[in-house]
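The structure appears below as structure tokens.
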Amino acid sequence: MGEKLEHKTAIITGSAQGIGAATAKALAKEGARIVLVDMQACETTKREIQEINPETEVLIFNIDIKERENVESVVRETAEAFGSVDVLVNNAGTCSRLDLKHMTDAMWFRDIETNLRGTFLFCQSVIYPYMEKQGSGKIINISSISGIMGGPISGAKGEDGQSGRSGPAYAASKGGVIALTKRIAKEVGELGIHCNCVAPGPVETAITKGMNYKLDQPIKRMGTPEDIAEAVVYLAGSGSDYVTGEVLKVCGGAAIG
Ligand SMILES: NC(=O)c1ccc[n+]([C@@H]2O[C@H](COP(=O)([O-])OP(=O)(O)OC[C@H]3O[C@@H](n4cnc5c(N)ncnc54)[C@H](O)[C@@H]3O)[C@@H](O)[C@H]2O)c1
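By the count of this note's numbering, the sequence shown reaches residue 269 at its end, each step adding exactly one.
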């Protein structure tokens, strides 16, 4: 068990499963108090955290991160319960696969609202006034290599013949997360707040289930949620105190260059 995040409070969105759940467990292993946020039940993640470290204090909020009031109340109640908000991991996400030709407004808005606006809402709500008042904070936004490369066109087609691994709404939302991260990093660096991105490549979770990845990349395996969690732990801890506005790709070399 590590101590890198002892006495720190970490909010992790989308932590009912997948990368968010693995990240919550990895941060708990380093001693953080954990706040689980998801539309789905998080009791399994909580149980697994407390199996790893029975001392870990855990709060659960079942909310839709697209709603400003929900987001603000999560942050307010976290600060009231734990006294500080030190780490925010914006991980909750959706991925529409339809190509541009078949994209609907509903799919476009879902990915942009969840991935990009949800990240904006949480960043704004933790920074002002909590992290600003503390004079410290680490924000890690989960983007994707789709936000760098535009998303893969090749790969498995869905049964409808219209879908690839990820569509243009997803790519645009994740590219937006990268630009938002850089902009926020410039605004809040002098307040003692760091804001960085992790950009995963293909990772074995519910989002990628049923997709046939060619894995045309130097490291020829799917990533695990734990691979991504380790990068988040680095960006949440003091080892990254001179790093801000960066995009750390964790993708088996799929997006070298
Ligand atoms: N798996 C991959 O290959 C991969 C690659 C690149 C980036 N990512 C990103 O990593 C993040 C986590 O993905 P994952 O693979 O663990 O997927 P996942 O589907 O297993 O987990 C996403 C979680 O987000 C929650 N969520 C979605 N919309 C929400 C909302 N509006 N409010 C609250 N909770 C909401 C879901 O309930 C779910 O628990 C996402 O942002 C995803 O885009 C994943």
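A virtual CB, placed ideally from N, CA and C, is assigned to each residue, including glycine.
Are the beta-carbon atoms of residue i and residue j separated by less than 8 Å?
| i | j | result |
| --- | --- | --- |
| Thr25 | Val97 | no |
| Leu133 | Val210 | no |
| Ile124 | Ala191 | no |
| Ala248 | Val138 | no |
| Lys186 | Ser148 | no |
| Ile160 | Asn103 | no |
| Val189 | Ile152 | no |
| Ile240 | Val215 | yes |
If we ignore side chains and look at the alpha-carbon of each, how far apart do residue i and residue j end up?
| i | j | result |
| --- | --- | --- |
| Met234 | Lys221 | 11 Å |
| Ala38 | Ile64 | 9 Å |
| Val87 | Ser158 | 29 Å |
| Glu258 | Lys194 | 7 Å |
| Arg129 | Glu238 | 26 Å |
| Tyr254 | Ala243 | 15 Å |
| Val262 | Lys16 | 21 Å |
| Val245 | Asp111 | 34 Å |
| Arg80 | Ala93 | 20 Å |
| Ser85 | Met51 | 15 Å |
| Met119 | Asn127 | 12 Å |
| Pro66 | Gly162 | 42 Å |
| Thr90 | Met13 | 24 Å |
With a CB to CB cut of under 6 Å and the five nearest residues on each side skipped, what residues in its chain are close to residue i?
| i | result |
| --- | --- |
| Cys274 | Because the chain spans 13 through 269 in this model, residue 274 falls outside it and cannot be assessed. |
| Ala197 | Cys207, Thr256 and Gly257 |
| Glu202 | none |
| Gly43 | Glu15, Leu17 and Glu18 |
| Ser252 | Tyr246 |
Would you list the one or two residues that DSSP bridges to residue i?
| i | result |
| --- | --- |
| Gly235 | Val215 |
| Gly43 | Gly43 is not bridged to any residue. |
| Cys207 | Ile151 |
| Thr25 | Val49 |
| Ile61 | DSSP lists no partner for Ile61. |
Sorted by chain position, which residues of the same chain lie with C-beta nearer than 7 Å to residue i's C-beta, five sequence neighbours on each side aside?
| i | result |
| --- | --- |
| Thr57 | Ser27, Ala28, Ala33, Ala36 and Leu48 |
| Arg122 | Thr106 and Ser108 |
| Glu171 | Any answer about Glu171 is weak, because its pLDDT of 47 lies below 50 and its placement is not dependable; what the coordinates show is given next. So no residue of the chain qualifies. |
| Glu144 | Leu203 |
| Cys54 | Ser27, Ala28, Leu48 and Ile72 |
Kindly list the residues whose CB is nearer than 8 Å to the CB of residue i, restricted to its own chain and excluding five residues on each side of it in sequence; keep chain order.
| i | result |
| --- | --- |
| Ile231 | Gly264 and Gly265 |
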